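The structure under discussion appears below in the form of structure tokens.
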Amino acid sequence: MISRSALARVSRNAAARSTRSLSTRASTILSAVDIPTNEEVPGVYDGTWGGTGDILESVCPTTGEVLARVQSASPQELQSALEKTREAYEIIRAVPAPKRGQIVRQIREALAAKRDELGALVSLEMGKIRSEGVGEVQEFIDIADSAVGLSRMMNGRLVASERPGHSILEVPNPLGVVAVLSAFNFPVAVYGWNLALSLAAGNATVWKPSPSTPLCSVAVTKIVAGVLEKNGLPGAVASLIIGGRSVGEAIVESEGVDMVSFTGSEHVGRQVGKVVQSRFGKVLLELGGNNAVIIMADADLHLAVPSTFFGAAGTAGQRCTTTRRLYVQRSIAPEVISRLQRLYASLKPGDPLDSATLLGPMHTRAAVGIYSSAVDKLRSEGAEILCGGAVYGQDALMGHLAGGNFVKPTIAIPKSVDVKADIWQKETFAPILSVGVFDDLEEAIALNNGVPQGLSSSLWTRDVRNVGKWIGPAGSDCGIVNVNVGTSGAEVGAAFGGNKTTGWGRECGGDAWKQYVRWSAATINFSDEAPLAQGVSFSSSS
Ligand code: NAD
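According to our numbering, the stretch in the sequence shown is residues 4 to 545, in order.
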């Protein structure tokens, strides 16, 4: 007999089929990554696909078209997926690390075979331009390469013991279940950074993506699941649980989750950090940025200005590393600003899938509202708006773009450079660049460091003395401290993350893998005596 929930699903699917006709633009991309185009998309994977919770709509930010209706996890499915992920952990932890590396290598190969298709899906669903969408998948491929190598080098240490006939081993063992909660703006790469290292380290992973980019996570999970299946491993080694805030909260609270790797806003990260800490779980936080570029008078402006343009207006201002503040040394300020204005004037909104487009949409309607409020606030506090400052009207958005979330990248000069003013202190996740003028590097560093966030920063200069100050103890307090390189975009080799309210997390390169293991110090006695450390004696005869 057919169950009531199955019946409901059949009738929902029939309704969806009868009312929707997907554009060719969308259906071509979805079909290429194996996403169904004529029925609801299951959004829970733990070895089998399911989803009987609320229906989430994936909406194309460029056109407003509903791309798919996705079945999220019910509370029971969530619990069951967490249990299956724990069982899968007990299997994957017994697989030797270099063999786990071979699984990561196969995932890398499978992703590479679909790189352009997945990149197009990122552009379709998130809204970033095509080369950035493909670049995001490339980043997953790159970190997978790195994790394959690491799988033969995730070594512990042999420590010299002060006691004769003793050795101390520092042993990295797998940690358990790692939950990856990710933001909308990197719907593929952030998961990739975590999965590649976590899997090589011997953990099972459960992914809760942003509810507004479910299709990217379904497409990636299908690819990963295919590899796991081919290798006879349980699919729950890399589970997927799509859902909104309540699903996120339940995962964060779960005692069965050993580590929560959270990427998102400061506001949510603050709650996540507290909850995980209160149950003494491990937490890795990658939160918001309020990133500054400093241009000194000796900088190469033909490099500094286009790079700042990309940092501030690229990805429509929706990277955690987007340049939100620009500080220019007084003597060159008019020149820098007029060059920037010329570049901004060349921007035109377009379909991110069109390779000529540099300016895609904001991800959601709500984000357009956040942009408009921030511009209103700048105006009301006396800032001069040099360009932008409005959403695009229908006249500029012809054809299928008319339903899109397009805003004009904005340059503003706030009334004062007082960094403690509200205008400078907050991350507004939109293409708004605030510009201020400074006289010497010390002042510029104080402005750079004067905000709560500490993600990315960039100094443009040719004077090596400035570089020394900038990267030294009295320099930038950010996790990313660049010189003659913009704030936005990073390579997988170095540890990525920020300080202060950005959360202090480090992911991807560097020693980030060390967070995904359970370290044990094992003292082993090979001798016929059992001396205590520090010469302590616990015997009545001494
Ligand atoms: P968000 O904080 O709204 O959501 C992030 C994730 O948390 C989503 O999966 C969401 O569903 C989930 N979530 C929401 N409420 C929750 C709760 N109470 N408990 C548990 N999970 C919950 O962020 P967003 O709008 O998707 O992303 C934009 C933000 O992410 C920006 O602030 C940006 O700077 C930041 N970000 C940071 C980095 C970094 O590496 N530092 C990278 C990308 C994005």
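Beta carbons: idealized from backbone N, C-alpha and C, even for Gly.
The structure displayed is predicted, hence computed values, not measured ones.
CA-CA distance, residue i and residue j?
i: residue 347; j: residue 329; result: 15 Å
i: residue 169; j: residue 514; result: 28 Å
i: residue 439; j: residue 417; result: 7 Å
i: residue 333; j: residue 443; result: 9 Å
i: residue 125; j: residue 355; result: 10 Å
i: residue 249; j: residue 238; result: 24 Å
i: residue 201; j: residue 224; result: 15 Å
i: residue 499; j: residue 484; result: 11 Å
i: residue 18; j: residue 428; result: Because residue 18 carries a pLDDT of 46, less than 50, the predicted location of this residue cannot be relied on, and the following value inherits that uncertainty. If you take the alpha carbons of residue 18 and residue 428, they lie about 47 Å apart.
i: residue 177; j: residue 494; result: 26 Å
i: residue 20; j: residue 115; result: Low local confidence applies: a pLDDT of 44 at residue 20 is under 50, so the model's placement there is unreliable, and no value is given.
i: residue 188; j: residue 540; result: 59 Å
i: residue 392; j: residue 411; result: 6 Å
i: residue 5; j: residue 395; result: Here residue 5 scores only 42 on pLDDT, less than 50, and its place in the model should not be relied on; the value that follows carries that caveat. Between residue 5 and residue 395, the C-alpha separation is close to 50 Å.
i: residue 241; j: residue 397; result: 43 Å
i: residue 62; j: residue 129; result: 9 Å
i: residue 49; j: residue 183; result: 15 Å
i: residue 7; j: residue 55; result: At residue 7 the pLDDT is 44, less than 50, meaning the model places this residue with poor confidence; the figure from the coordinates comes in the next sentence. Each residue's alpha carbon lies about 11 Å from the other.
i: residue 271; j: residue 456; result: 15 Å
i: residue 120; j: residue 360; result: 18 Å
i: residue 276; j: residue 286; result: 7 Å
i: residue 437; j: residue 459; result: 16 Å
i: residue 525; j: residue 175; result: 11 Å
Helix, strand or coil: how does DSSP classify residue i here?
i: residue 20; result: Caution is warranted here: a pLDDT of 44 is assigned to residue 20, below 50, making its placement in the model unreliable, and the coordinate value is therefore given only provisionally. Of the three classes helix, strand and coil, the one that applies to residue 20 here is helix, per DSSP.
i: residue 328; result: strand
i: residue 211; result: strand
i: residue 5; result: Reliability of the predicted coordinates at residue 5 is poor, the pLDDT of 42 falling under 50, and the value obtained from them is presented with this limitation in mind. In the structure shown, residue 5 sits in coil (DSSP, three-state: anything other than H, G, I, E or B).
i: residue 10; result: Legend: pLDDT at residue 10 = 44, less than 50; position of this residue unreliable, no value from coordinates given.
i: residue 239; result: helix
i: residue 292; result: coil
i: residue 428; result: helix
i: residue 488; result: coil
i: residue 528; result: strand
i: residue 451; result: helix
i: residue 273; result: helix
i: residue 481; result: coil
i: residue 264; result: strand
i: residue 546; result: Lying outside 4 to 545, the shown extent of the chain, residue 546 is not represented and no answer is given.
i: residue 321; result: coil
i: residue 469; result: helix
i: residue 311; result: helix
i: residue 250; result: helix
i: residue 384; result: coil
i: residue 162; result: strand
i: residue 516; result: helix
i: residue 445; result: helix
i: residue 375; result: helix
i: residue 46; result: coil
i: residue 127; result: helix
i: residue 184; result: strand
i: residue 535; result: coil
For the alpha helix (DSSP H) containing residue i, list its first residue and its last residue.
i: residue 196; result: 192–203
i: residue 104; result: 100–116
i: residue 89; result: 78–95
i: residue 30; result: 27–35
i: residue 143; result: 133–153
i: residue 224; result: 217–233
i: residue 74; result: That residue, residue 74, is in no alpha helix (DSSP H); its beta strand (DSSP E) goes 69–74.
i: residue 338; result: 336–348
Please list the terminal residues of the continuous beta strand (DSSP E) segment that includes residue i.
i: residue 397; result: No beta strand (DSSP E) holds residue 397; DSSP gives it neither H nor E.
i: residue 390; result: 387–390
i: residue 366; result: First-last for residue 366: undefined, no H or E at that position.
i: residue 459; result: 459–463
i: residue 61; result: 58–62
i: residue 1; result: Outside the shown range of the chain, which is 4 to 545, sits residue 1, and nothing can be said about it.
i: residue 404; result: Note, residue 404: premise wrong, no beta strand (DSSP E); not H, not E.
What does DSSP give as the partner residue(s) for residue i in the beta ladder?
i: residue 175; result: 522
i: residue 499; result: 510
i: residue 169; result: 528
i: residue 434; result: DSSP lists no partner for residue 434.
i: residue 287; result: 264
> Taking contact to mean at least 3 C-beta pairs separated by less than 8 Å, is the stretch 77–92 in contact with the stretch 375–388?
Replying inline: Cβ pair count under 8 Å is below three, so no.
>> Pairs of beta-carbons, one from the stretch 301–311 and one from the stretch 459–476, closer than 8 Å: are there three or more?
In response: At 8 Å Cβ cutoff, the stretches touch.
>> Could you check whether the stretch 97–107 touches the stretch 141–151, counting it as contact only if at least three pairs of C-beta atoms, one from each stretch, sit closer than 8 Å?
In response: Output reads yes: the stretch 141–151 touches the stretch 97–107.
> Counting Cβ pairs closer than 8 Å, one from the stretch 62–77 and one from the stretch 256–266, do we hit at least three?
Replying inline: In short, these stretches do not touch, since the Cβ pair count stays below three.
> Does the stretch 288–298 come close enough to the stretch 397–410 to have 3 or more Cβ pairs within less than 8 Å?
Replying inline: Not touching, per the Cβ criterion.
> Any contact of the stretch 363–373 with the stretch 315–331, i.e. 3+ C-beta pairs under 8 Å?
Replying inline: Yes, they touch.
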